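Accompanying notes for the structure given below.
In my numbering, the protein residues as written are 453 to 537.
Written out as structure tokens, the structure is:
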């Protein structure tokens with residue numbers, strides 16, 4: 453059951469409301485999967501916006517920043533690494 457809930461939340465780029473830890477892991481998985489597909493410009497994670505996978509990864513980083521307590525330095529260094537990829 454939880455796997456299907458996580459998968460549905462993952463596909464919809466929504467946080468999983470069941471547990472904070474699961475939600476955090478889900479966001480990290482979303483970001484990493486977008487980075488993994490970074491060179492595949494035919495891949496799209498957002499049906500509404502025409503973003504490359506790396507642009508989509510930056511959006512997920514912004515969601516992580518608003519949903520969890522992380523320092524700006526951590527987010528900024530991660531954003532910089534994604535942009536360099």
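Beta carbons are placed, not taken as given, at the ideal position from N, Cα and C, and that holds for glycine.
This one's a predicted model, so the numbers in the text were calculated from it and none came from an experiment.
| Item | Value |
| --- | --- |
| Residues near residue 520 in its chain [Cβ-Cβ closer than 7 Å; skip 5 each side] | 476 |
| Extent of the continuous alpha helix (DSSP H) to which residue 523 belongs | Premise fails: residue 523 is in no alpha helix (DSSP H) and is neither H nor E. |
| Own chain residues within Cβ distance below 6 Å of residue 517, not counting five before or after | 527 |
| For residue 501, the three-state DSSP class (helix, strand or coil) | coil |
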